[in-house]
Amino acid sequence: MKEEEQHQPTASPESKWNDEQVLVEALRQGDEAAFGFLIDTYYGSLLRLAMAYVPSRAVADEVVQETWMGVLESLPRFEGRSSVKTWMFRILTNRAKTRGKGESRYESLDTGNGYGDGDDEGWREPERFQSSGALAGHWITLPSMWDEETPERLLLSKESRMLIEQAIDALPPVQRQVITLRDLDGVDSKEVCNILDVTETNQRVLLHRARSRVRKMIESQLYNTKAER
Amino acid sequence: MANDLKGQVMHLMAGNISCQELADLITEYLEGSLTFSERIRFQIHLGFCVGCRNYLNQMKTTIRTLGKLPSEPMPTEVREELLKRFRTWKKG
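Heads up: the sequence lines are chains A and B, in that order.
95 is the number that numbering that gives the first Met the number 0 gives to position 96 of the first sequence; each next residue is one higher, with no gaps.
49 is the number that numbering that gives the first Met the number 0 gives to position 50 of the second sequence; each next residue is one higher, with no gaps.
Right, dumping it as structure tokens:
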């Protein structure tokens, strides 16, 4: 597997742009194929992140468009201190924040907990644990074993895919932003903190709440019970 | 009384944390941000508790599922429009 990956660069015309310095230099020189590579690679991720900030698909599309233009504008000033991906995500979040303002659902909800998600307890499932007695805090019914093929099986069905997307959609915006970057796009925690301007601790708390909610939805989907939100 | 004792012994064997506490700590565990002693207690609990092992696995499966969620492909018109703008930018 490793070997195949290493052979790729010479075989695939795009792969030279996996080297970000080469990519940025080609973009600066106006290499259209390099720009094609950039938009093909990041369109989906940018759109997903934009959707976590603004209320409608139409506005998200506009934010992504503006982001590409912002990328071109600031290209001469890009110094390579962050990855190209982080740099683009930051351009997007700046634009998206401006657009999302005034939409109360998309403003952070400060409930005094400092996490901005207004979701102190809703992600927890206290009903699953013994509330008193010697075994307080232990499972009432043990969680079951999910089989190895669960992700593939879930994603094969359009219906479960939509349910997962809806579960993400229903998260408080800041949780959605964190889980989108971390788990859907595989951005590491340091970069996420940098992109979203949150501390590592906040990022972890938000991620945990978001994952817990999505897990719960998948579980209810597996057992065909109605998803609780 | 016997039940209380049984509970206490189980709690001790299970690393001195409850399943509910473990569920709350999962992301910190996966992120590697627990202290050494917290991590040890977490792992001792896991060793004794099949429910928590399954729950941890469910969380990992959730993460894997999210990582495989396909993103939307770019519509051809959008792509062409962008390339057109790139050409204009290049000239300017």
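Glycine included, C-beta positions come from ideal geometry on N, C-alpha and C.
Does chain A have any CB closer than 8 Å to the CB of residue i?
i         : result
Phe-85(B) : yes
Gln-42(B) : no
Arg-38(B) : no
Thr-34(B) : no
Gly-46(B) : no
Tyr-54(B) : yes
Glu-20(B) : yes
Thr-60(B) : yes
Thr-94(B) : The structure shown does not extend to residue 94(B), since chain B is modelled only from 0 to 91, so the question has no answer here.
Glu-79(B) : no
Would residue i pass as a contact of residue j if the rule is Cβ separation under 8 Å?
i          : j          : result
Ser-188(A) : Gln-202(A) : yes
Ile-236(A) : Thr-26(B)  : Residue 236(A) lies beyond the range of chain A shown here (0 to 228); nothing can be said about it.
Gly-167(A) : Ile-178(A) : According to the sequence shown, residue 167(A) is Ile rather than Gly. Yes, the Cβ-Cβ distance between Ile-167(A) and Ile-178(A) is below 8 Å.
Leu-33(B)  : Leu-21(B)  : no
Leu-93(B)  : Trp-86(A)  : Within the shown structure, residues of chain B are numbered from 0 to 91, placing residue 93(B) beyond reach of any answer.
Arg-89(A)  : Val-53(A)  : no
For residue i, I'd like the list of residues in its chain whose CB is within less than 8 Å of its CB, leaving aside the five on either flank, ordered along the chain.
i         : result
Gln-7(A)  : Interpretation of Gln-7(A) is limited by its pLDDT of 35, a score under 50 that renders its predicted location unreliable; the figure taken from the coordinates is listed afterwards. Same-chain partners within the cutoff: Ser-14.
Arg-27(A) : Leu-74, Pro-75
Val-63(A) : Tyr-42, Leu-45, Leu-46, Ala-49, Leu-91
Arg-38(B) : Tyr-28
Is there a C-beta anywhere in chain B that falls below 8 Å from the one on residue i?
i          : result
Ile-194(A) : no
Trp-67(A)  : yes
Arg-175(A) : no
Asp-182(A) : yes
Arg-94(A)  : no
Ile-178(A) : yes
Val-70(A)  : no
Gly-113(A) : no
Arg-76(A)  : no
Ala-135(A) : yes
Glu-126(A) : no
Val-197(A) : no
Leu-206(A) : yes
Note down, in chain order, each residue of its chain lying with its Cβ closer than 7 Å to the Cβ of residue i, except the 5 sequence neighbours on either side.
i         : result
Asn-93(A) : none
Between residue i and the rest of its own chain, which residues show a CB-CB distance below 6 Å, the 5 nearest in sequence each way excluded?
i         : result
Ile-16(B) : Arg-40, His-44
Is residue i near the ligand ATP - that is, is its Cβ less than 7 Å away from at least one heavy atom of it?
i         : result
Ile-62(B) : For the structure depicted, the ligand ATP is absent and the ligand set is empty, with no information on it obtainable.
Quick one: which unbroken alpha helix (DSSP H) runs of 4-plus residues sit fully inside the region 131-219 of chain A? Chain order, please. The region 131-219 of chain A contains these whole alpha helix (DSSP H) runs: 149-155, 157-168, 172-178, 188-195.
Proximal residues, the region 160-172 of chain A versus chain B, C-beta separation under 9 Å: Residues of the region 160-172 of chain A whose Cβ lies closer than 9 Å to any Cβ of chain B, in chain order: Arg-160, Ile-163, Glu-164, Ile-167.
Mind listing which residues of the region 140-155 of chain A have their C-beta closer than 7 Å to chain B's C-betas, in chain order? Only Leu-141, Pro-142, Ser-143, Met-144, Trp-145, Thr-149, Pro-150, Leu-153, Leu-154 from the region 140-155 of chain A bring a Cβ to less than 7 Å from some Cβ of chain B.
Short-range partners of chain B found in the region 28-42 of chain A, where Cβ spacing is below 8 Å: The region 28-42 of chain A vs chain B, Cβ under 8 Å: Gly-29, Glu-31, Phe-34, Gly-35, Ile-38, Asp-39, Tyr-42.
Where in the region 57-102 of chain A do unbroken runs of the beta strand (DSSP E), each at least 3 residues long, occur, reported from the N-terminal end onward? The region 57-102 of chain A contains no complete beta strand (DSSP E) run of 3 or more residues.
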